[in-house]
Amino acid sequence: MKSTGIVRRLDDLGRLVIPKEIRKQYRLKEGDSIEFYIDQDRIIIQKYDLLSRHVEEIKIMCETLTAMFEDTVLFMQDEMLASHGKTISEGFAKKCKVHRITHFEQQAVYENDPALYNGVLYPVVAYGDWYGAFVVLYDKRELSESELAAVEAFAKVLTRQQEQ
Numbered sequence: 001m002k003s004t005g006i007v008r009r010l011d012d013l014g015r016l017v018i019p020k021e022i023r024k025q026y027r028l029k030e031g032d033s034i035e036f037y038i039d040q041d042r043i044i045i046q047k048y049d050l051l052s053r054h055v056e057e058i059k060i061m062c063e064t065l066t067a068m069f070e071d072t073v074l075f076m077q078d079e080m081l082a083s084h085g086k087t088i089s090e091g092f093a094k095k096c097k098v099h100r101i102t103h104f105e106q107q108a109v110y111e112n113d114p115a116l117y118n119g120v121l122y123p124v125v126a127y128g129d130w131y132g133a134f135v136v137l138y139d140k141r142e143l144s145e146s147e148l149a150a151v152e153a154f155a156k157v158l159t160r161q162q163e164q
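Those letters in the sequence shown? Residues 1 to 164, per full-length UniProt numbering, in order.
Right under this line is the structure:
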């Protein structure tokens with residue numbers, strides 16, 4: 001752990017202001033949840049991620065859908081949970097933060113990869129907050145209604161888990 005050199009005082013209500021530079025670096029926004037950990041004489045603050053409890057389930061969902069479709073299925077979050085070892089382009093990552101099912105055509109998905117992809121985004125949204133999205137990339141063929149329904153079902157399962 002490294003020191004930032006920043007010292008803050010608690011106010012009379014016990015509140016602590018997290019400096020803007022740190023909030024920006026760790027993508028903390030107003031309303032984000034944070035967790036407190038205690039380690040001997042240290043208090044550790046960590047951004048709370050509801051989906052972090054479901055990382056293994058999400059990986060299994062992506063692998064299952066990839067095997068079913070014979071196309072690539074990713075899960076997008078603030079960081080990539082299942083990216084098959086490739087880096088997602090920043091522009092594409094921003095486009096994934098939608099609150100409704102969205103189809104896209106001829107999009108650059110990976111950094112340093114000139115290939116353009118067609119696909120569909122299935123967001124995981126609970127109480128109006130975006131938590132992530134399943135991204136199905138397909139090449140030559142359109143996905144069938146049953147394939148689209150399978151992805152939507154997985155997205156709804158994750159949404160329900162966030163709402164509980």
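Cβ coordinates follow ideal geometry from the N, Cα and C atoms, glycine included.
{"query": "Taking 7 Å as the limit between beta carbons, can you name the residues of its chain near residue 176, skipping five residues before and five after?", "result": "Absent from the model: residue 176. The displayed extent of the chain is 1 to 164, so no value can be given."}
{"query": "Near Glu6, what residues of its chain come up, given a Cβ to Cβ distance below 7 Å and the 5 sequence neighbours on each side ignored?", "result": "Looking at the sequence provided, one finds Ile at residue 6 rather than Glu. Correct list, in chain order: Pro19."}
{"query": "Thinking just about the alpha-carbon of each residue, which of Arg23, Met61, His54 is nearest to the one in Gln161?", "result": "His54"}
{"query": "Whose C-beta lies closer than 7 Å to the C-beta of His103 among residues of the same chain, with five residues either side of it excluded?", "result": "Val120"}
{"query": "Rounded to whole angstroms, what is the Cα-Cα separation between Phe134 and Phe69?", "result": "14 Å"}
{"query": "Going along the chain, which unbroken runs of the beta strand (DSSP E) with 3 or more residues stay wholly within the stretch 68-123?", "result": "72-76, 102-108"}
{"query": "Any chance the stretch 58-73 sits against the stretch 85-92, with 3 or more Cβ pairs inside 8 Å?", "result": "no"}
{"query": "Closer than 6 Å by C-beta to Glu163: which residues in its own chain qualify, once you throw out the five before and the five after it? Chain order, please.", "result": "Ala126"}
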